[in-house]
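In this note's numbering, the protein residues as written are 273 to 384. Scroll down for the structure; my scribbles are underneath it.
This is the structure we're talking about:
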């Protein structure tokens with residue numbers, strides 16, 4: 273299984289490339305992302321946990337790595353991250369269960 277710390281680094285490198293090669297589009301998406309995950313009625317931790325669940329149901333390993341990293345850095349516990357993943361499995365079924373492996377791997381690789 274992939275090292276999710278490396279997957280997160282790969283994603284960050286690709287986003288940096290998008291910034292260099294497609295600055296207008298990248299900046300527009302960045303503004304949306306920052307606004308969506310800014311503190312508000314929901315703490316940022318919960319926004320990242322929601323994103324973890326969506327990443328599982330969308331089967332996006334880069335998104336799993338990035339959002340597990342974000343959730344942990346905003347104070348989520350390993351247990352909270354995994355519970356968010358299990359909610360996604362409940363909604364997404366067997367294919368989401370397969371991607372829950374990546375959440376567990378990301379927690380193992382990215383948590384302190």
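For every residue, glycine included, the Cβ atom is placed at its ideal position computed from N, Cα and C.
Notebook entry, point to check: Can you list, in chain order, the residues of its chain whose CB lies under 7 Å from that of residue 316, leaving out five sequence neighbours each side?
Noted result: 309 and 346
Next item on the list: Can you tell me which of the three DSSP states residue 334 falls into?
Entry: helix
Next item on the list: Grab the span of the alpha helix (DSSP H) containing residue 274 for me, first residue to last.
Entry: Careful: residue 274 lies outside any alpha helix (DSSP H) and carries neither H nor E.
Note to self: With distance defined between alpha-carbon atoms, name the residue in 302, 293, 276 and 322 nearest to residue 359.
What the structure shows: 322
Checklist line | Per-residue DSSP class, three states only, for residue 294 | finding: coil
Margin query: Please state the DSSP three-state secondary structure of residue 349.
Written below: coil
Notebook entry, point to check: When the distance is taken between beta carbons, is residue 356 closer than 8 Å to residue 325?
Noted result: yes
Next item on the list: Please go through the same chain and pick out, in chain order, the residues whose beta-carbon is closer than 8 Å to the beta-carbon of residue 306, but skip the five residues on each side of it.
Entry: none
Next item on the list: Thinking residue 384 and residue 329 are a contact (beta carbons under 8 Å), I'd like their distance in whole angstroms, please.
Entry: With 8 Å as the limit, residue 384 and residue 329 do not qualify as a contact, their Cβ atoms being about 27 Å apart.
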